[in-house]
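To start, the structure itself, in C-alpha cells.
Protein chains in written order, with this note's numbering: chain A, 1 to 189; chain B, 190 to 523.
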C-alpha cells in the first residue's frame with residue numbers, strides 16, 4: 001500500500017509539473033495579449049493608413065532623388081523606405097539606384113527594418129521578437145522600453161549608414177577578385 | 190530537350206497545393222533560394238521534368254523563365270515573394286499562409302513541407318487542366334491593373350462635387366482598410382509567434398532547463414566581451430546565411446536574454462548591445478531575394494551576396510561595440 005502511495009505521488013508530481021510548464025507559458029502569453037497586442041495593433045492601423053494616404057508615387061520620386069550621394073542613399077532613403085514600405089518591400093526602392101550600389105542599399109535597408117522596429121513595429125511585425133524578446137525583459141523590471149527603443153534607433157541610424165557605406169568597398173573588392181564590372185550609373189530604360 | 194509535367198502535393202502538416210508544374214519553351218527553369226544548399230527535391234524535379242536548376246543564392250534569372258521556385262522559409266518573407274509574382278512556389282518547410290505577404294500565399298501557387306515523395310509525374314489530364322489554370326492566372330493580372338486605375342479615378346473625382354465629402358469618405362475608407370490589414374497582420378504573424386515563444390518561455394521557466402540557460406546566457410549576454418563574441422559568431426560569413434531564415438534563431442536568443450534581464454540576472458543596460466549582438470546576421474539569408482526586389486541584374490546578385498556577407502562580418506562586431514558605448518546611462522540608478 002505504501003509503495004502504491006509513493007507511485008501515485010510521483011505521478012501526481014509529474015503531472016502537475018507537466019501542466020505547470022503550460023501554465024507558466026500561458027500567463028506570459030495572456031500578459032502579452034493584453035499589453036503588446038493592442039498597442040501594436042493600433043499603431044499598425046495608423047501607420048498603414050498614413051502610408052496608403054501618402055502613396056507609392058511620392059515614394060518613388062523620393063527614391064530617385066535620394067540616389068545621388070551616400071548620405072541620402074544609405075541613411076535617409078532606407079530609413080524612410082523601411083518606415084513607409086516595411087520589410088520586405090523597402091528593398092524595392094533600390095531599383096532606382098545604379099547596379100553597383102544595390103548591395104550596399106540592401107545591407108543598410110535590411111538593418112533599418114530592425115533598428116526602427118522598437119518605436120515603429122509596423123515596419124517588421126513578423127520579426128518583432130528580435131526587439132520584443134529583449135524588451136519584454138526590460139519592461140518586466142518596470143522600466144520604460146521607449147528609452148531603449150530610441151537608443152536602438154539612433155545607434156541604428158549611424159551604424160546602418162556605415163554598414164551601407166562599407167559595402168561599397170566590399171563590393172569593389174569582390175568586383176576586383178571576380179572580374180565582374182557593375183555600372184555606377186542608372187540604366188535609363 | 191523534352192519536358193514533362195509533374196504534380197506536387199503537400200507533405201504531412203504542409204499547406205496548399207497540389208500544384209502541377211508544366212515547363213514551357215520560355216518558362217523552363219527551377220529556381221532554388223535555400224541559403225546555398227541544394228535540397229534533394231531539386232534533383233528529383235530536374236530528373237522528372239528535364240528542366241535546369243538554378244541556385245538563386247549564386248545568381249539570378251528573369252522571373253519569366255522561372256517555372257517553379259523552391260524556398261526553405263520557416264518564417265515569413267520568402268514564402269510570399271514568388272506567389273506575389275505569380276510564380277509557383279514549393280517550400281520544403283511546413284509554413285502555411287503567414288507573414289507580411291500572406292495574402293499572396295494561395296493553394297494554387299504555393300505548397301509546403303514537400304519532400305521527394307510528394308513529387309510525381311503528372312498524367313495528361315492534369316497537365317491539360319494546368320494550362321487552363323495558367324490562363325486563369327493571366328486573367329487576374331489585367332483585373333489588378335483595372336483596380337489601380339480605379340483608385341486614380343477615385344482621386345480625380347475630387348475636382349467638382351464637394352471636395353470635403355469625398356475627402357472624408359476617402360480617409361474613413363483608408364483607415365478602415367488599414368485596420369483590416371492590421372488585424373490580419375496581428376492574427377497571421379504576431380499572435381502565432383507569441384504563442385510559440387510563450388510556450389518556449391513556459392518550458393524554460395517551468396523546467397530545470399532555465400537554470401542551465403541562465404548559466405550559459407548570463408556570462409555571454411551579461412558583459413560586453415560575451416556580447417562581442419556572440420555578435421562575432423552570428424556575423425561569420427559561412428554561418429550568417431544559415432542563422433537568418435525568418436530571424437527565428439535571433440528572436441529565440443533575444444527572448445532568452447530578455448527572460449534573464451527580467452529575472453535580474455543581466456543588467457538592463459546590456460539590452461542595447463544585445464539587440465545588436467543577436468542580429469549581426471541580419472538579412473544574410475535574404476540577399477538574392479532582396480536584390481531581386483530591386484530588379485538587380487544577375488551579375489549584381491552574384492557580387493552582392495558575397496559583398497554583403499563580407500560587409501556584415503566587418504561591420505558586425507563594431508556595431509555591438511558602438512551600441513555598448515551608447516548604452517551608458519541607460520536605466521542607471523533605477
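C-beta: ideal position from N, C-alpha, C; glycine also. Computed from a predicted structure; not experimentally measured.
Going by beta carbon distance, what residues of the same chain come within less than 6 Å of residue 212 of chain B, once the five residues before and after it are set aside? Locating residue 212 of chain B in the second chain gives position 23, counting from the first residue. Only 192, 238, 240, 256 meet the Cβ criterion.
Measuring only the C-alpha atoms, how far is residue 396 of chain B from residue 23 of chain A? Along the second chain, one-based indexing puts residue 396 of chain B at 207. Along the first chain, one-based indexing puts residue 23 of chain A at 23. Taking the Cα positions, residue 396 of chain B is about 12 Å away from residue 23 of chain A.
Closer than 8 Å, CB to CB, is residue 103 of chain A near chain B or not? Looking up residue 103 of chain A in the first chain gives position 103. Closer than 8 Å: yes.
Where residue 171 of chain A meets chain B, residues with beta-carbon distance less than 7 Å: Walking along the first chain from the start, residue 171 of chain A turns up at place 171. In chain order: 492, 496.
Between the segment 407-416 of chain B and the segment 444-463 of chain B, do three or more beta carbon pairs fall short of 8 Å? Yes, they touch.
Residue-chain proximity (residue 489 of chain B, chain A), Cβ-Cβ < 8 Å: The residue you call residue 489 of chain B lines up with position 300 of the second chain. Residue contact check for residue 489 of chain B against chain A: a CB pair falls below 8 Å.
Using DSSP with H/G/I as helix, E/B as strand and the rest coil, what is residue 485 of chain B? Here residue 485 of chain B corresponds to residue number 296 of the second chain, with the count starting at 1. Coil.
Going along the chain, which residues of the segment 286-299 of chain B sit with their C-beta nearer than 9 Å to a C-beta in chain A? Answer set for the segment 286-299 of chain B: 287, 288, 289, 290.
Would a C-beta distance cut-off of 8 Å place residue 44 of chain A and residue 375 of chain B closer than the cut-off? Sequence index remark: in the first chain, residue 44 of chain A carries index 44 (1-based). Sequence index remark: in the second chain, residue 375 of chain B carries index 186 (1-based). It is a contact, given that the beta carbons lie within the stated cut-off.
So what does residue 242 of chain B bridge to, in DSSP terms? Position 53 of the second chain holds residue 242 of chain B. Residue 242 of chain B is bridged to B/219.
Residue-chain proximity (residue 146 of chain A, chain B), Cβ-Cβ < 8 Å: Within the first chain, numbered from 1, the residue matching residue 146 of chain A stands at position 146. The beta carbon of residue 146 of chain A does not come within 8 Å of any beta carbon belonging to chain B, so the residue lies off that interface.
Roughly how many whole angstroms lie between the Cα atoms of residue 518 of chain B and residue 460 of chain B? By 1-based counting over the second chain, the position of residue 518 of chain B is 329. By 1-based counting over the second chain, the position of residue 460 of chain B is 271. So the alpha carbons of these two residues sit roughly 12 Å apart.
Measure the C-alpha to C-alpha separation of residue 442 of chain B and residue 393 of chain B and round it to an integer number of angstroms. For the purposes of this step, residue 442 of chain B is identified with residue 253 of the second chain, where counting begins at 1. For the purposes of this step, residue 393 of chain B is identified with residue 204 of the second chain, where counting begins at 1. The straight-line gap from Cα to Cα measures roughly 12 Å.
Residues within the segment 446-458 of chain B neighbouring chain A, beta-carbon criterion of under 9 Å: Flagged, chain order: 446, 447, 448, 449, 450, 451, 452, 453, 455, 457.
Residues of chain A with CB under 8 Å from residue 195 of chain B, in chain order? The count along the second chain starts at 1 and reaches residue 195 of chain B at position 6. Within 8 Å Cβ-Cβ: nothing; residue 195 of chain B doesn't reach chain A, min ~29 Å.
Taking Cβ positions, are residue 75 of chain A and residue 371 of chain B nearer each other than 8 Å? Within the first chain, residue 75 of chain A is the residue found at index 75, counting from 1. Within the second chain, residue 371 of chain B is the residue found at index 182, counting from 1. Taking 8 Å as the cut-off, the beta carbon of residue 75 of chain A is found no closer than this to the beta carbon of residue 371 of chain B.
So, is residue 475 of chain B buried or exposed, given that buried needs 16 or more other C-beta atoms within 10 angstroms? Here residue 475 of chain B refers to the residue found at position 286 when the second chain is read from its first residue. Residue 475 of chain B is classed as buried because its beta carbon has at least 16 other beta carbons within 10 Å across all chains shown.
What does DSSP give as the partner residues of residue 255 of chain B in its beta bridges? Taking the first residue of the second chain as 1, we reach residue 255 of chain B at position 66. Paired residues: B/218.
If you count every other CB in all the chains shown that lies within 10 Å of the CB of residue 65 of chain A, and 16 or more means buried, which is it? Numbered from 1 along the first chain, position 65 holds the residue referred to as residue 65 of chain A. Residue 65 of chain A is exposed by the Cβ-count criterion.
For residue 168 of chain A, collect the residues of the same chain with a Cβ closer than 6 Å to its Cβ; drop the 5 residues on either side in sequence, then sort them by chain order. Working through the first chain from its first residue, we reach residue 168 of chain A at position 168. Correct list, in chain order: 104.
If contacts are defined as beta-carbon pairs under 8 Å, then residue 505 of chain B and residue 467 of chain B qualify, I think. What distance do you get, rounded to the angstrom? Within the second chain, residue 505 of chain B is the residue found at index 316, counting from 1. Within the second chain, residue 467 of chain B is the residue found at index 278, counting from 1. Taking the Cβ atoms as the reference, residue 505 of chain B lies roughly 11 Å from residue 467 of chain B, outside the contact range of under 8 Å.
Let me see if you follow: with CB-CB separation under 8 Å, is residue 67 of chain A close to chain B or not? Against the first chain, residue 67 of chain A aligns to sequence position 67. No, because no Cβ of chain B sits closer than 8 Å to the Cβ of residue 67 of chain A.
Tell me, please, whether the CB atom of residue 470 of chain B is closer than 8 Å to any CB atom in chain A? Locating residue 470 of chain B in the second chain gives position 281, where the first residue counts as 1. Answer no: the Cβ-Cβ gap between residue 470 of chain B and chain A never drops below 8 Å.
Rounded to whole angstroms, what is the Cα-Cα separation between residue 2 of chain A and residue 9 of chain A? What you label residue 2 of chain A is simply residue 2 of the first chain in a count that begins at 1. What you label residue 9 of chain A is simply residue 9 of the first chain in a count that begins at 1. Rounded to the nearest angstrom, the two C-alpha atoms are 11 Å apart.
Beta-carbon neighbours of residue 484 of chain B, restricted to chain A and to distances below 7 Å: For this step, residue 484 of chain B is matched to residue 295 along the second chain. Around residue 484 of chain B, the beta-carbon contacts reaching into chain A at under 7 Å are 95.
Residue 306 of chain B lies in the alpha helix (DSSP H); which residues open and close that run? Locating residue 306 of chain B in the second chain gives position 117, where the first residue counts as 1. Where residue 306 of chain B is concerned, there is no enclosing alpha helix (DSSP H), given that its DSSP letter is neither H nor E.
Alpha carbon of residue 496 of chain B to alpha carbon of residue 175 of chain A, nearest angstrom: Locating residue 496 of chain B in the second chain gives position 307, counting from the first residue. Locating residue 175 of chain A in the first chain gives position 175, counting from the first residue. The alpha-carbon atoms of residue 496 of chain B and residue 175 of chain A are separated by roughly 9 Å.
Expressed to the nearest angstrom, what Euclidean distance is found between the alpha-carbon atoms of residue 227 of chain B and residue 244 of chain B? Mapped onto the second chain, residue 227 of chain B falls at position 38. Mapped onto the second chain, residue 244 of chain B falls at position 55. When rounded, the distance between both Cα atoms is 8 Å.
First through last residue of the alpha helix (DSSP H) which encompasses residue 388 of chain B: For the purposes of this step, residue 388 of chain B is taken as the residue at position 199 of the second chain. For residue 388 of chain B, the enclosing alpha helix (DSSP H) covers residues 380-395.
At the level of alpha carbons, what is the spacing between residue 587 of chain B and residue 85 of chain A? The first residue shown for chain B is 190 and the last is 523, placing residue 587 of chain B beyond what the model contains.
Quick check: is any heavy atom of the ligand NAP less than 7 Å from the C-beta of residue 468 of chain B? The ligand NAP is not part of this structure, which contains no ligands at all.
Whole-angstrom C-beta distance between residue 67 of chain A and residue 112 of chain A, which should lie under 8 Å: Here the question's residue 112 of chain A lines up with position 112 in the first chain. Here the question's residue 67 of chain A lines up with position 67 in the first chain. Cβ-Cβ separation between residue 112 of chain A and residue 67 of chain A: approximately 16 Å, too far for a contact (criterion under 8 Å).
What separation, rounded to the nearest whole angstrom, lies between the Cα atoms of residue 49 of chain A and residue 230 of chain B? Here residue 49 of chain A is taken as the residue at index 49 of the first chain, counted from 1. Here residue 230 of chain B is taken as the residue at index 41 of the second chain, counted from 1. Answer to the nearest angstrom: the Cα atoms are 42 Å apart.
Taking buried to mean at least 16 other C-beta atoms within 10 Å of its own C-beta, is residue 235 of chain B buried or exposed? For the purposes of this step, residue 235 of chain B is taken as residue 46 along the second chain, with counting starting at 1. So residue 235 of chain B counts as exposed.
Let me know the alpha helix (DSSP H) ranges lying completely inside the segment 133-181 of chain A, each 4 residues or longer, listed in chain order. Fully enclosed alpha helix (DSSP H) runs of 4 or longer: 145-178.
Hey, residue 511 of chain B and residue 416 of chain B are a contact pair by Cβ (cut 8 Å); roughly how many whole angstroms apart? Translated into positions along the second chain, residue 511 of chain B becomes position 322. Translated into positions along the second chain, residue 416 of chain B becomes position 227. Taking 8 Å as the upper bound for CB-CB distance, residue 511 of chain B and residue 416 of chain B are not in contact here, some 12 Å apart.
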